[in-house]
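Report on the structure given below.
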Amino acid sequence: MNGRPLSPRRLWWLAVGFTIWCVALVILYALHAIGCAFGWSTGPLRVSLAIVLLLHLAAIGWLWRYRAAARRDPGPEHISAFMHTVVIWTLIAALAATVITFGPALLLTTCL
Amino acid sequence: MSVPVEPPSQGMNALRLHRQLAAIWATGPGVQRLAAVNHTVLGMRMMITSFLFFAIGGILGMLTRVQLASPHAAFMDAETYNQVFTMHGSMMLFLFAIPMVESFAVYITPKILGTRDFAFPRLTAYGYWCYLFGGTILTVALIMRVAPDGGWFMYTPLSSNVYTPGINADVWLLGVTFVEISALSLAMEITVSILKMRAPGMSLDRMPIFAWYILVTAMMMIVAFPPLILGSILLEVERAFDLPFFDPRRGGDPLLWQHLFWLFGHPDVYIIFLPMAGVLSTIIPVFARRPLVGYRVIVCAIIALAFLSFGIWVHHMFTVGIPHLALAFFSAGSAIVAVPTAIQFFAWLATLSHGRPRWDVPMLYIFGFFFVFTAGGLTGVMLAMVPFDWQAHDTYFVVAHMHYVVAGALAFPMLAAFYYWLPLLTGRTAVHRLSLPAFWLVFIGFNMTFFMMHLTGLLGMPRRVFTYRGDEGWNWLNLLSSVGGFVMTIGFALVAIDIIVQLRFGRRVRRNPWDSTTLEWAMQIPPAPYAFASLPRVGEETDGVAPGKLAVSLARGEGYLGFTRNGWQEALGVHMTSGEPEQLIVLPNATYLPLFTALVTGSAVIAMLFKFYLLALALACVTFGMFIFAGQSAGLSRDYGPLPVGRGISVPPHTEVANAPSWLALVCTLVANGTLFTSLIFGTFYLWIAAPNWPAAVTPEPSRLLALVTIAGLAVAAAAARGSLRSTTAGGKPYGWLGLTVLGLLVALAADVSLIGGVTPNPREHALGATAAALLTYVALHAGIGLLFLVSNFLRFGAGFISPRRLTDLRLSRLWIDYTVVTGIIALGLVLALPGLVAMLGARP
């Protein structure tokens, strides 16, 4: 052992990136359904969806930058290096998944 | 079971310790076996039970193949065929696949983590009995010819009262929900145990990769099962009490069922696949004779897979009429889910290519898995593309894909795991003369059966038809499929014979026959009931030490807890990330209580099935009462302070720490519960936005006063729960505060029940009223369960189980009531908002 153990609360970081992906999915799906049900015109609906997507991308991107700047987690070397790597890569994977899953779809006809 | 191959013979200390520990941990003979709570015993029983259901499900599958082998077959009529294929799917998914992977987890996980048992052995036993009784209800229904007949996914409106008026659908809804309670309780047990009960020093980065897979799978189960449990409850309530959640004539929507079902159904595929991938990640490095390539990348891939699998449920619903843009979200998600799966594949291949692979029976099955799952994965990517899915939907192509990814991903790694761990279970090795032909029969038969289905599907053969004309060009393909099915069955029969022969005549093996590096081999084989005579220390000092060498030291009691004390079943609780010891966990001894509680729960289910609703309610109350009774003897009735656990370390018992396993278990319970609640909120909004015949003729008019009284009562209860905690911490008696908490909950309950009584429109007339009633009932149920928590607090404080140092009970009550307040505010807020939401619908074009 060297130093205080890594707090169990830090484990939530493992889920943060993809939780944001899930939140983006739920909000985009719901907003799209509401927009179509209430007959929103194509332009505003597409823009609203794009704004929601960009906000989520920004959130994951900011978290990635924040974690990368920290260089490593507090606590013993082995576990903190492990956590740092896994968290960074899950954030990168979540960012890529968000772009691929939701980006191109926004170019399609909105309520067909 | 055979006798231990290597009884501890390292000297009198080891033998004496073995006898002392066995006297405490062993399950008694004869009828006392029914009181077993030990994970080794229960894991084995669950495995055997799941294989019995596999055999029944397999026979049903064969019956469908006999029927479809030729056109115009008179083997079965349509009604019987419907029951047979529905039960084949339901049994294989709910009674075999999920319980089988759980049985592996139950048997292996504590051993691979270097601990003696799970955190809640009585819950393991309760989970097993619920599974057995739920499966038995379904099987008896099959024998009585009243089995479910609406397909394994029970789509509404086919499964509604109008089109399935008998008890067939009720059998599925109640039986499967009963089994799911079991799966959910085991998932919580597994999550808590992996996070809190590892060998000292086993930090998360040193955890065997198998445990990462099982941990993520258990967490997925906690989140995936509640939507289906909610869907089953709502459909059963519709069938029993005519509340029209899924009836489009009265504001319901059949598609809501599909959403709730597939919110469970798609992650379920990965819930089955991930533990088997864990098996592969464990076995491949052993046979490649080198460490697994990409441990950290695999952990990332598992996490990604877990989340992505939840976000693609709609790909089962591509044809229901969802706008293209939304379909594209799910289509893209379904395609990229292949990426984390491929990462694992390449890690396995890299491990093999960089190692010095040797061939044995488990490796044959791993080869089979690679072949089958790759094929299934590729057809999965094809089906993820919306235009292709529209062509192939509801054809045998989907049946083929499903069997390749679910059956293939399960069966081949499962058999690899069996042959790998059987020496641990039995102390003997396989008879190769049978294992090899068995593999080839299973492999050839499997591909012959299911590959043909791709072709029949592409030729247009729809699923679930009981016969066909004969001029469609499907005849010879169906015949080949049926022949393949029989070849595969003969293969599985040979596997079964091989295992029986191995049990009786297999060659006895030395400890750790595969030269593995994981801890389950650092024990006597077959394992003793206490698993480890003393617990190993994991760290740099033990890196590279062979399990066989470690086993000798542990058997001598040279690790942690290498002694007995007070007749307690002792294990160590560790810090979640570092794995350093922080508490002594005293586990409960064998008891019949789980069996009796499951019997009463099962009786409630049967009473519900036969529409004795008051009796069912009474039995449900008895079940809750038995949980409280079980809680009365949990923990320790006095303060002990730090106790020595070996190697110069002392830690307090779990009753005297803030982060006891029960705290984490309640957090897991609330996560599952929160998912169910979120699904209910989703259902309400879904009906609002998508269901036909909204708004209702009658406008909802919920009483704001009663809603405010309900929230005020809950808030008072939450504040009083804090008071009871403060009072006890200060050394006082919390009876006054507990009484105030009860009063707050009773007021909230009474106001909430009044609200339910006044719901408009009438819950039987429109889904608007039905959803409002469901939301309010959720709040009432939680306030009621809060009262049970408080009854337990009263009793346990009186019996001396609560003290200023032993506060877990009061903390658990506070957490439950806090959750009730938060969900209560949301639920009541939504009910109050319903008139406004309904008014908004008037603005629709």
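Protein sequence lines correspond, in order, to chains W and L. Just so we're aligned: 41 in the numbering used here is position 41 of the first sequence, and the numbers increase by one with no gaps anywhere. Just so we're aligned: 41 in the numbering used here is position 41 of the second sequence, and the numbers increase by one with no gaps anywhere. Idealized CB from N, CA, C, for every residue including glycine.
Please state if the CB of residue j and the CB of residue i are separated by a distance shorter than 8 Å.
i	j	result
Thr699 of chain L	Ala721 of chain L	no
Ser724 of chain L	Leu834 of chain L	no
Phe849 of chain L	Gln67 of chain L	The requested residue 849 of chain L is not part of the displayed model; chain L covers only 1 to 845.
Trp129 of chain L	Pro594 of chain L	yes
Ala665 of chain L	His766 of chain L	no
Phe18 of chain W	Phe627 of chain L	no
Leu832 of chain L	Ala707 of chain L	yes
Val171 of chain L	Ala141 of chain L	yes
His39 of chain L	Asp117 of chain L	yes
Pro413 of chain L	Tyr365 of chain L	yes
Nearest-angstrom Cα distance between residue i and residue j?
i	j	result
Pro513 of chain L	Arg504 of chain L	18 Å
Ser281 of chain L	Phe210 of chain L	7 Å
Phe54 of chain L	Val838 of chain L	48 Å
Ile336 of chain L	Ile284 of chain L	25 Å
Arg198 of chain L	Arg537 of chain L	10 Å
Gln10 of chain L	Ala59 of chain W	Its pLDDT being 45, under 50, Gln10 of chain L is placed unreliably in this model, and the value from its coordinates should be taken loosely. Their backbone Cα atoms lie some 59 Å apart in a straight line.
Gly732 of chain L	Gln632 of chain L	21 Å
Leu263 of chain L	Leu383 of chain L	18 Å
Ser80 of chain W	Leu6 of chain W	7 Å
Leu743 of chain L	Asp752 of chain L	14 Å
Gly427 of chain L	Met461 of chain L	48 Å
Met385 of chain L	Leu615 of chain L	50 Å
Pro7 of chain L	Asn566 of chain L	Because the pLDDT at Pro7 of chain L is just 39, under 50, the model does not fix this residue reliably, and the point stays unresolved.
Gly265 of chain L	Gly757 of chain L	35 Å
Gly736 of chain L	Leu790 of chain L	12 Å
Val3 of chain L	Ile500 of chain L	Bear in mind that a pLDDT of 37 at Val3 of chain L, under 50, signals an unreliable position, so the number given afterwards is only what the model happens to contain. If you take the alpha carbons of Val3 of chain L and Ile500 of chain L, they lie about 15 Å apart.
Glu189 of chain L	Ser41 of chain W	50 Å
Phe261 of chain L	Leu680 of chain L	13 Å
His782 of chain L	Ala288 of chain L	52 Å
Can you look up residue i in the DSSP assignment and give me helix, strand or coil?
i	result
Gly103 of chain W	coil
Val372 of chain L	helix
Ala97 of chain W	helix
Val405 of chain L	helix
Ile271 of chain L	helix
Pro847 of chain L	It is not possible to answer for residue 847 of chain L, since the shown part of chain L is limited to 1 through 845.
Thr395 of chain L	strand
Ala125 of chain L	helix
Ser650 of chain L	strand
Glu580 of chain L	coil
Arg33 of chain L	helix
Leu292 of chain L	coil
Glu558 of chain L	coil
Ile802 of chain L	coil
Output, in chain order, the set of chain L residues within a Cβ distance shorter than 8 Å of residue i.
i	result
Ser108 of chain W	For the record, residue 108 of chain W in the displayed sequence is Leu; it is not Ser. Near Leu108 of chain W (Cβ distances below 8 Å), the residues of chain L are His324, Leu325, Ala328.
For residue i, which residues in chain W fall below 7 Å Cβ to Cβ?
i	result
Arg469 of chain L	Those do not exist, as Arg469 of chain L stays about 37 Å from chain W at its closest Cβ, beyond 7 Å.
Pro845 of chain L	Gly39
Please compile the residues from chain W whose C-beta is within a distance smaller than 8 Å of the C-beta of residue i.
i	result
Ala493 of chain L	Those within 8 Å of Ala493 of chain L in chain W number zero; the least Cβ separation is about 43 Å.
Arg296 of chain L	Phe82, Thr85, Val86, Trp89
Ala332 of chain L	Ile100, Thr101, Phe102, Pro104, Ala105
Gly311 of chain L	Trp21, Cys22, Leu25, Thr101
Using a Cβ cut-off of 7 Å, pull out every chain L residue sitting near residue i, in sequence order please.
i	result
Thr98 of chain W	The premise fails here: Thr98 of chain W is roughly 10 Å from chain L at the closest Cβ pair, so nothing lies under 7 Å.
Leu158 of chain W	There is simply no residue 158 of chain W to check, as chain W begins at 1 and stops at 112 in what is shown.
Ala93 of chain W	Cys300, Ala304
Pro74 of chain W	Those within 7 Å of Pro74 of chain W in chain L number zero; the least Cβ separation is about 11 Å.
Can you find a heavy atom of the ligand COA that lies under 7 Å from the Cβ of residue i?
i	result
Ala69 of chain W	Ligands in the displayed structure: none, and consequently the ligand COA is not present.
For residue i, return the contacting residues in chain L, with the cut-off set at a CB-CB distance below 9 Å.
i	result
Leu112 of chain W	Pro323, His324, Leu325
Ala69 of chain W	Correct list: empty, because the minimum Cβ distance to chain L is about 20 Å.
Practice task
Give, in chain order, every residue of the region 11-30 of chain W whose Cβ lies closer than 8 Å to some Cβ of chain L.
Solution key: Leu11, Leu14, Ala15, Phe18, Thr19, Trp21, Cys22, Leu25, Leu28, Tyr29, Ala30
Handout entry: Chain-ordered residues of the region 644-659 of chain L with a beta carbon less than 9 Å from chain W
Key = Asn659
Handout entry: Within 7 Å of chain W by C-beta, residues of the region 298-309 of chain L in sequence order
Key = Val299, Cys300, Ile303, Ala304, Phe307, Leu308
Handout entry: Contacting positions in the region 43-62 of chain W - beta carbon closer than 7 Å to chain L
Key = none
Handout entry: Chain-ordered residues of the region 564-580 of chain L with a beta carbon less than 8 Å from chain W
Key = His575, Met576, Thr577, Ser578, Glu580
Handout entry: Contact set between the region 684-696 of chain L and chain W, restricted to residues whose Cβ is under 8 Å from the partner
Key = Phe685, Ile689, Ala690
Exercise for the section: Using a Cβ-Cβ cut-off of less than 8 Å, give me the residues of the region 199-210 of chain L that come near chain W, in sequence order. Expected result: Ser203, Leu204, Asp205, Arg206
Handout entry: Members of the region 335-349 of chain L that neighbour chain W once the beta carbon cut-off is set at 7 Å
Key = Ile336
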